[in-house]
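Just below is one structure, and these are the notes that go with it.
There are 2 protein chains.
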Amino acid sequence: MKRKSSSREEWAAQIAALDAPVVRKEPITVDRIVTTALALVETEGFAALTMRRVAAALGTGPASLYAHVRNKAALDDLLIGTLSRNVSVPTPHAARWRAQFVEVCGQLRDQFLRYPGIAQAALAAAPANLDTLRITEGLLGILLAGGVAPKPAAWAIDAALLYVSAYTVEASLRRHPDRAEDSRVVDRDEILARLRMLPVSRFPHTVEHADKLNSGEGHERFEFTLQLLLNGL
Amino acid sequence: MKRKSSSREEWAAQIAALDAPVVRKEPITVDRIVTTALALVETEGFAALTMRRVAAALGTGPASLYAHVRNKAALDDLLIGTLSRNVSVPTPHAARWRAQFVEVCGQLRDQFLRYPGIAQAALAAAPANLDTLRITEGLLGILLAGGVAPKPAAWAIDAALLYVSAYTVEASLRRHPDRAEDSRVVDRDEILARLRMLPVSRFPHTVEHADKLNSGEGHERFEFTLQLLLNGL
DNA sequence: CAGTTGACACGAACAGTGTTCGTCCGTAGA
DNA sequence: TCTACGGACGAACACTGTTCGTGTCAACTG
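The listed protein sequences derive, respectively, from chains A and C. In this text, residue positions in the first sequence follow the working numbering: the first is 74, and each later residue adds one. In this text, residue positions in the second sequence follow the working numbering: the first is 74, and each later residue adds one.
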């Protein structure tokens with residue numbers, strides 16, 4: 074009972090606590106951290122994912138997070154693990170192996186695009202994470218069922234996952250250029266105009282085929298690339 | 074002459090300046106900044122590339138750099154521009170277009186690998202930079218000479234450059250894991266051991282072909298992927 | 001030759017980052 | 001009932017990119 078020297082503020086806080094004594098502040102868990110972090114990335118992009126901002130969204134300080142997550146890097150790993158868990162891998166169907174492969178990669182792509190810039194973390198954590206290994210396993214099953222030899226299959230999967238990450242990183246940067254205007258170009262017509270502006274003497278092919286260089290509606294280019302990879306197997 | 078209140082330190086500095094009055098401090102230029110930055114990245118990795126550290130290496134403070142470089146992002150762009158300028162694109166030879174394509178991509182890969190982690194900047198600045206456009210132009214010439222249609226050529230180039238960046242980013246992170254030991258695995262045998270440790274029930278294919286998953290000496294996988302892309306054209 | 005101008009260098013500061021230390025406290029076990 | 005322990009967290013450290021204002025030197029101008 075040595076708290077006889079409590080300040081006025083503490084006293085007021087104690088009185089205020091009388092109102093809601095039962096609804097104890099919900100404890101911080103890894104799940105709550107991950108959920109909050111994902112919401113933050115979804116609305117403000119990966120660059121805004123900060124220990125401080127996650128903590129603030131949880132109504133606490135940054136130090137509180139380190140009891141549940143070793144690192145910012147560890148948090149990133151958790152995020153891409155969660156995203157990977159959202160990808161469902163079908164049971165291999167020998168006749169449709171190409172379509173199945175593209176479909177799984179497309180799921181991953183959509184997950185990454187939903188949380189802009191998070192693929193940067195995926196590039197860092199690729200091989201270590203258990204949840205991404207589940208996807209690798211699934212893709213391997215699909216390719217093996219399609220009659221592809223193990224080694225080319227493994228290498229093609231690696232290339233495809235790398236491509237998915239790079240594709241989504243680039244797509245996110247194009248849409249979310251930090252501050253709407255600042256030397257970064259977003260508009261596609263603008264890019265086309267700049268390509269046409271190049272000196273024909275030094276960039277003959279680029280100028281001539283400028284329209285093809287940045288063409289492709291939706292994810293046409295994405296699927297084109299994957300088909301390219303698969304057709305070579 | 075209102076400097077009569079100079080402190081003792083200033084006085085000492087003035088005396089010291091008598092020794093070398095002619096060798097005026099070399100002015101800061103964009104070239105010196107780029108050279109210093111590249112040396113820094115080469116020895117300590119892209120994560121160590123800091124305005125402050127570049128400035129310190131030049132014997133000044135960070136504010137001095139902003140007279141020559143708008144941003145850290147602008148500096149990054151300059152760096153990958155310089156690296157791109159080191160890549161020499163051959164004049165297209167119709168019969169050897171595949172080899173030429175792979176060779177150019179290999180040059181770019183080696184540039185990126187020499188400066189660990191710098192490919193992260195390449196992923197961000199890809200389409201805007203003039204020097205990388207020179208490479209795109211060269212690759213386009215090679216593919217067109219090989220008889221590839223413009224649109225597939227353009228898309229394949231995009232995919233290949235994306236893959237080069239992703240490949241080098243991942244390779245750099247594997248070699249340079251921030252702090253030698255900290256949940257990140259470097260050793261290849263270690264990765265293999267961990268893959269074999271997986272439960273066979275859930276990861277049958279991964280366990281069975283673990284040795285193929287991370288096989289490939291040198292840049293075998295790199296060239297395999299590029300060949301895959303090219304064979305589909 | 002004297003004087004002004006303008007570009008560059010830079011010290012100091014601001015707002016923000018990841019991470020750690022030490023303290024508090026509430027709950028569970030003895 | 002007392003104790004130990006693990007989570008919560010305030011404060012601080014060492015950084016980051018960037019800006020403001022001041023200084024200082026060079027070259028052009030009258």
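No residue lacks a Cβ here, since even glycine has one placed at the ideal position from N, Cα and C. Keep in mind it's a predicted model, so treat the numbers as computed, not measured.
Would you report the Cα separation of A:H141 and A:R267, rounded to the nearest angstrom?
Distance from the CA atom of A:H141 to the CA atom of A:R267, rounded to whole angstroms, is 49 Å.
Can you tell me which of C:R207, C:M270, C:G220 puts its alpha carbon nearest to the alpha carbon of C:H166?
Among C:R207, C:M270, C:G220, the Cα nearest to that of C:H166 is on C:G220.
Pop quiz: A:A227 and A:D150 are said to be a contact at Cβ under 8 Å. What is the actual Cβ separation, rounded to whole angstroms?
Their Cβ separation, rounded to whole angstroms, is 22 Å, which puts A:A227 and A:D150 out of contact at 8 Å.
A:T133 burial status per 10 Å Cβ neighbour count (16 or more: buried)
Classification for A:T133: exposed.
What is the DSSP secondary structure of A:S238, reduced to helix, strand or coil?
Three-state result, A:S238: helix.
Alpha helix (DSSP H) segment containing C:P277, residue limits:
277–281 is the extent of the alpha helix (DSSP H) around C:P277.
With 16 as the cutoff for other CB atoms within 10 Å, does A:G190 come out buried or exposed?
Around the C-beta of A:G190, 16 or more other C-beta atoms lie within 10 Å, and the residue is accordingly described as buried.
For A:R126 and A:L113, which I take to be in contact (beta-carbon distance under 8 Å), what is that distance rounded to the nearest angstrom?
With a beta-carbon spacing of about 6 Å, A:R126 and A:L113 fall inside the 8 Å limit used to define contacts.
Keeping to the same chain, check which residues put their C-beta closer than 6 Å to that of C:L181; ignore five residues upstream and five downstream.
Closer than 6 Å at Cβ, skipping near neighbours: V160, V237.
Under the rule that 16 or more other beta-carbon atoms within 10 Å means buried, what is A:E82, buried or exposed?
Any answer about A:E82 is weak, because its pLDDT of 46 lies below 50 and its placement is not dependable; what the coordinates show is given next. Flag for A:E82 reads exposed.
If we count the other Cβ atoms within 10 Å of its Cβ and call it buried at 16 or more, is C:A136 buried or exposed?
Exposed is the label assigned to C:A136, since fewer than 16 other Cβ atoms lie within 10 Å of its Cβ.
Would DSSP call C:V177 helix, strand or coil?
Here DSSP, grouped into helix, strand and coil, assigns C:V177 to helix.
Out of curiosity, what's the CA-to-CA distance linking A:L122 and A:A168?
Straight-line Cα distance between these residues: approximately 42 Å.
With a threshold of 8 Å between beta carbons, is C:A90 in contact with chain A?
The predicted position of C:A90 is uncertain, since its pLDDT is 47 and thus under 50; a value taken from the coordinates is nonetheless stated next. At a cut-off of 8 Å between C-beta atoms, C:A90 does not count as an interface residue with respect to chain A.
Suppose you measure from the CA of A:A192 to the CA of A:L206; what does that come to, to the nearest Å?
Those two C-alpha atoms are separated by around 16 Å.
Can you find the residues in the same chain that come closer than 6 Å, C-beta to C-beta, to A:A195, ignoring five residues on each side of it along the sequence?
Hits under 6 Å: I153, S238.
Can you find the residues in the same chain that come closer than 7 Å, C-beta to C-beta, to A:L271, ignoring five residues on each side of it along the sequence?
Result list for A:L271: T279, V280, in chain order.
Local conformation of C:Y188 per DSSP, three classes
Coil at C:Y188, not helix or strand.
Backbone CA spacing between C:T116 and C:F185 [nearest angstrom]:
Straight-line Cα distance between these residues: approximately 13 Å.
For chain A, check one thing: does any of its Cβ atoms lie closer than 8 Å to the Cβ of C:K224?
At least one chain A Cβ lies under 8 Å of C:K224.
Apply the 10 Å Cβ neighbour rule to A:E254 and answer buried if 16 or more other Cβ atoms are within range, or exposed otherwise.
Note that A:E254 has pLDDT 39, beneath the 50 cutoff, so the model's placement of it is unreliable and the number below is only indicative. With fewer than 16 other Cβ atoms inside 10 Å of its own Cβ, A:E254 counts as exposed.
Here's a check: name, in chain order, each residue in its chain whose Cβ is nearer than 6 Å to the Cβ of C:P223, leaving out the five neighbours to either side.
Excluding sequence neighbours, C:P223 sits near nothing in its chain.
Determine, using beta carbons only, whether C:P189 comes closer than 8 Å to chain A.
So no, C:P189 is outside the interface.
On the premise that A:I264 lies in contact with C:P200, defined as a C-beta separation below 8 Å, what is that separation, rounded to the nearest angstrom?
Cβ-Cβ separation between C:P200 and A:I264: approximately 7 Å, consistent with a contact (criterion under 8 Å).
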